[in-house]
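The structure appears below as structure tokens.
2 protein chains.
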Amino acid sequence: MLIKDRIKDAAGILTPSERKLAAAILSDYPYAGLVSIQDLAKHAEVSPPSISRFVTKIGLAGYQEFQRDLIAELKEGQRSPVDLHMENRPIEGGFLSDFIQRTTRQMAVSSAAITEDQFARICTLLATPKSEVHVIGGRVSDSIAFLLSFHLRQMRQGVYHLPANNEAWPEYLLRMKQGDLLFVVDFRRYQPNLLGLCQTAHDKGAKIILMTDKWLSPIAKYAAEVLPVPIESGTLWDTYAPALAVIEALVTKIAEDNFDQTRARIKAWDALRLTDQDVPS
Amino acid sequence: MLIKDRIKDAAGILTPSERKLAAAILSDYPYAGLVSIQDLAKHAEVSPPSISRFVTKIGLAGYQEFQRDLIAELKEGQRSPVDLHMENRPIEGGFLSDFIQRTTRQMAVSSAAITEDQFARICTLLATPKSEVHVIGGRVSDSIAFLLSFHLRQMRQGVYHLPANNEAWPEYLLRMKQGDLLFVVDFRRYQPNLLGLCQTAHDKGAKIILMTDKWLSPIAKYAAEVLPVPIESGTLWDTYAPALAVIEALVTKIAEDNFDQTRARIKAWDALRLTDQDVPS
DNA sequence: TATTGACTGAAAAATTATTTCCAATCATGC
DNA sequence: GCATGATTGGAAATAATTTTTCAGTCAATA
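Chain order of the listed sequences is G and R. In terms of full-length UniProt numbering, the first sequence opens at residue 1 and continues consecutively. In terms of full-length UniProt numbering, the second sequence opens at residue 1 and continues consecutively.
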């Protein structure tokens, strides 16, 4: 039996620190287990005795047998890609693996719905230095939008994240000029105030890039580019993981295309951040 | 340098038994080297001292370093049966689909590293009405953490999202009581101030649930539960999509388990929200 | 054939890793 | 609240592994 499975089987009877240990081992399986008991102890923040007890608990004679087995698995595993492949489809179907699988499927959908062409076009837009970029999302999706503006800010200047409170919007709208960009994330339960914002921005000549779901937010009307992403998870709630993946893809592509600039900027950034570091440990 | 190459480079100055040894190691590389010096000695038909001398000769400090290096090589090399596979054909599907596929792969890893058991346990903890839940994340990951607190707030009372500014933390810490929960998301570039927060919370008797990457944030020391999620995207930047998926899975599970309560709460919530809606369209 | 020097492995020593024991702590049930 | 039992990590004991020492062997050479 695989060590991994032994751990999962024993999951029910593990003590708190043993669970920490299990997490540490599984998080970089099997390599995390291929160090001395002391190093593993330090890494997992538990004591060596706890590890010793743990390996006994999962039915092994001792730490050494544990390691020998891990190495044997590694050796085996590399030989039979078939087995590995089987592992990728856990039919056992716990809630988590089930959910993840669904999300995974949705992610595939998103890459199908967005053409590489459009993707490249949007990257180019967002990377254009002379266009300032304004970013905002809906009540929930703003946190996704935040990741875009955060990373974008590391790569270029002129990136602004609009606050949720529309009282402050005029300040940003006044600054917007012809050719600037407004990146909006708006998923169902579309917010009327975002629509108003986009209308105004559009009137001012800003290009709007909209990330939305398949029902298409009314903002689509003003958008120069619409990035459709699937948000149905097959459950009662929506999933934003595909949306996040697309945003991360954008950010990564832009960063790679402008690598030197980005690196320089991050370096300068970090240098400044150090000066007001909170609590040096 | 790879051990293999070190051996080949040294081939000229090897003694007869060292050559036997080299052959034994290379014949089942790198697994043959991953046993005790005595087993390897027996297998290669030489004495342990010869092995010791050998590893020194090829420029390593000792047998242990030799093994550590072999494992590191293995990890590096196998790090990406997937990644490498993709790197070979990055153009095929285009940047986006390539990126999405990688992310997808990572998501599968996360469901392998988190046991269903642990998942269920954490859901139970977060759903316990009498424990208040405090949520916070790192500079970037806080936006992921936000989605947890946001949705959790829809399902139960006593959910607080700590502000990024640590000036305000004491207020929350004062409120924390024995048995309360602190859910922390902390990915690499771990923030010292979060560690301090967790230490204090832990001292106050709060249970800490930590979502982190495989390098394990130092907060693991105080954590009752550690949720490891993969964040490597195979590019220069990390991806939080798997983390988000896990959080969404948590939220969904909790909502489904407490469906009536959640529905009633959302209904009441929406009723209140309508009264101060910003701009009716 | 004797001498030299390199090579080797047995045994001892040193080091390192692992396990056991135990006291302190923590949580739990009464 | 108090007692009980489980859990935990430090320290000691144990075990294992690795390295060093050293004497014997062998081959090459004079």
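By construction, the Cβ of each residue, glycine as well, lies at the ideal position given by its N, Cα and C atoms. All values reported here derive from a predicted model rather than from experimental measurement.
Asked	Found
Distance CB(A220 (chain R))-CB(E76 (chain G)) smaller than 8 Å	no
Cutoff 8 Å: P48 (chain R) Cβ touching any chain G Cβ	no
P230 (chain R) versus L14 (chain R): straight-line alpha-carbon distance, rounded	43 Å
Contact list for the region 93-108 of chain G against chain R, Cβ threshold 8 Å	G94, F95, L96, S97, F99, I100, Q101, T103, T104, M107 and A108
Where the alpha helix (DSSP H) through V55 (chain G) begins and ends	P48 to K57
Rounded separation between L182 (chain R) and Q101 (chain R) - CA only	33 Å
Whole-angstrom C-beta distance between M155 (chain G) and I254 (chain G), which should lie under 8 Å	6 Å
Three CB pairs or more closer than 8 Å across the region 121-139 of chain R and the region 106-120 of chain G	no
Beta-bridge partners of residue 282 (chain G), as assigned by DSSP	Residue 282 (chain G) lies beyond the residue range present for chain G, which begins at 1 and ends at 281; the question has no answer from this structure.
Nearest to L74 (chain R) (by Cα), restricted to the options G:L26, G:H202 and G:A32	G:A32
Straight-line gap, T252 (chain G) to D98 (chain R) (C-alpha atoms, nearest Å)	12 Å
Cutoff 8 Å: T128 (chain R) Cβ touching any chain G Cβ	no
Beta carbon proximity, R19 (chain R) to chain G, threshold 8 Å	no
Residues that V251 (chain G) contacts on chain R, provided the C-beta gap is smaller than 8 Å	W237
Between the CA atoms of S233 (chain R) and A264 (chain R) - distance to the nearest angstrom	39 Å
Length-filtered (3 minimum) beta strand (DSSP E) runs lying within the region 185-268 of chain R	207-212 and 225-228
Residue burial classification, D270 (chain R) (beta-carbon count within 10 angstroms, cutoff 16)	exposed
Contact check, Y160 (chain G) vs Y172 (chain G), beta carbons under 8 Å	yes
C-beta contact flag for I208 (chain R) and A224 (chain R) at 8 Å	yes
Length of the line joining the Cα atoms of P16 (chain G) and A24 (chain G)	13 Å
Buried versus exposed call for F259 (chain R) [16 or more other C-beta atoms within 10 Å across all chains shown]	exposed
Length of the line joining the Cα atoms of G138 (chain R) and N166 (chain R)	12 Å
Beta-carbon spacing of I7 (chain G), L26 (chain G) below 8 Å	yes
Minimum Cβ-Cβ distance from A255 (chain G) to chain R less than 8 Å	yes
Reference D174 (chain R); option with closest CA among R:N193, R:R188 and R:G205	The amino acid occupying residue 174 (chain R) in the given sequence is Leu; Asp does not appear at that position. The shortest C-alpha separation from L174 (chain R) is found at R:G205.
7 Å Cβ shell around R89 (chain G) - same chain, five flanking residues per side excluded	Model confidence at R89 (chain G) stands at a pLDDT of 43, short of 50, so the residue's coordinates are unreliable and nothing is read from them.
For V159 (chain G), the residue or residues it bridges with in DSSP	G:V133
C-beta atoms of D186 (chain G) and A164 (chain G) nearer than 8 Å	no
C-alpha distance - D203 (chain R) paired with I3 (chain G), whole-angstrom precision	34 Å
Proximal residues of chain G, C-beta to C-beta of K8 (chain R) below 7 Å	Ordered by position in chain G, no residue passes the 7 Å Cβ test against K8 (chain R), which lies about 22 Å from the chain.
Identity of the residue in G:E132, G:I136 and G:L96 nearest F119 (chain R) by Cα	G:L96
Option in G:E65, G:D28, G:G196 and G:Y63 with minimal Cα separation from D213 (chain R)	G:D28
Nearest residue (CA-CA) to L194 (chain R), options R:V135, R:D39, R:I122 and R:I58	R:V135
Range covered by the alpha helix (DSSP H) that runs through T104 (chain G)	F95 to A113
Cβ of K75 (chain R) within 8 Å of any chain G Cβ	yes
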